[in-house]
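First residue of the sequence shown? That's 1 in my numbering, and the numbers climb one at a time after it. Beta carbons are placed, not taken as given, at the ideal position from N, Cα and C, and that holds for glycine. Here the structure is a predicted model, which means the values were calculated and not measured. The block underneath contains the structure these notes are about, expressed in structure tokens.
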Amino acid sequence: MSRLRTPGQIVWSLTLSSSGNLLFSERATLLLPGRRLTGTLTITKLAAMFSASESRDVTSREEENYKFYNVDVSAVFTRRYLHLYRALEVFTIGHRSWLFVLTDYEAVRRAVASLPRVGVGLQYGLPSRRQISLAHPRRLLREVGGRDKRKSRHVRNRDFSHYLRQIL
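Shown next as structure tokens:
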């Protein structure tokens, strides 16, 4: 039995059998503000869990576990880490983001296939498909038609710059 921490720091106790069927499990690094945790990312049908195997934080030596439910996922983006597309950023409904660095691009593809089909979110008008989550930022910009909308003044400069920060 393991102890899992949610974003609200509520501690849950559950076993893997009660959390659903195992879809994906891989060594990963969770990047948090000011912290870098190495451990295992596990995705089941109901939730995604990260169990840290070692902590680089001097103040806490205990094993850390984080969890979010799949129904709370609102957007999934592929990110570059050290100039390679091997990071995955998952946004949840509570305006929290999780940045996982995986071993390679194939692991990122398998993780996206295990997460729900949400795409990059509804606010950009793109379909909720896994291929959209794996798309490069240049393709996302082309499919949204952001440059054309900005030139014709349908989108404010502030909204356009916010969109560019989001996809890059």
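Buried or exposed for residue i, going by 16 or more other Cβ atoms inside 10 Å?
{"i": "G119", "result": "buried"}
{"i": "G125", "result": "exposed"}
{"i": "S152", "result": "exposed"}
{"i": "G39", "result": "buried"}
Among the options, whose alpha-carbon lies nearest the alpha-carbon of residue i?
{"i": "Y66", "options": "L141, L164, I43 and E143", "result": "I43"}
{"i": "A135", "options": "D159, Y105 and N157", "result": "Y105"}
{"i": "I132", "options": "Y81, D148, Y69 and A75", "result": "A75"}
{"i": "L22", "options": "K45, R96 and L122", "result": "K45"}
{"i": "F68", "options": "E26, L41, S161 and V108", "result": "L41"}
{"i": "V108", "options": "E89, R36 and L122", "result": "E89"}
May I have the straight-line CA-CA distance separating residue i from residue j, to the nearest angstrom?
{"i": "S145", "j": "S53", "result": "Looking at the sequence itself, residue 145 is Gly, so the reference to Ser does not match. Going by the C-alpha atoms only, they are around 43 Å apart."}
{"i": "L164", "j": "N157", "result": "11 Å"}
{"i": "A48", "j": "A111", "result": "10 Å"}
{"i": "P33", "j": "V71", "result": "24 Å"}
Would you say residue i and residue j are within 7 Å of each other, going by their C-beta atoms?
{"i": "F24", "j": "S114", "result": "yes"}
{"i": "L141", "j": "L99", "result": "no"}
{"i": "Y85", "j": "T92", "result": "no"}
{"i": "R130", "j": "R139", "result": "no"}
Could one say the Cβ of residue i lies closer than 7 Å to chain B's Cβ atoms, at least one of them?
{"i": "L99", "result": "The structure shown contains no chain B, having only a single protein chain."}
Along the chain, where does the beta strand (DSSP E) that runs through residue i open and close?
{"i": "E106", "result": "No beta strand (DSSP E) contains E106, which is instead part of the alpha helix (DSSP H) from Y105 to S114."}
{"i": "R36", "result": "R35 to T44"}
{"i": "E143", "result": "Premise fails: E143 lies in the alpha helix (DSSP H), P137 to V144, not in any beta strand (DSSP E)."}
Provide the residue span of the alpha helix (DSSP H) that contains residue i, from first to last.
{"i": "S133", "result": "R130 to S133"}
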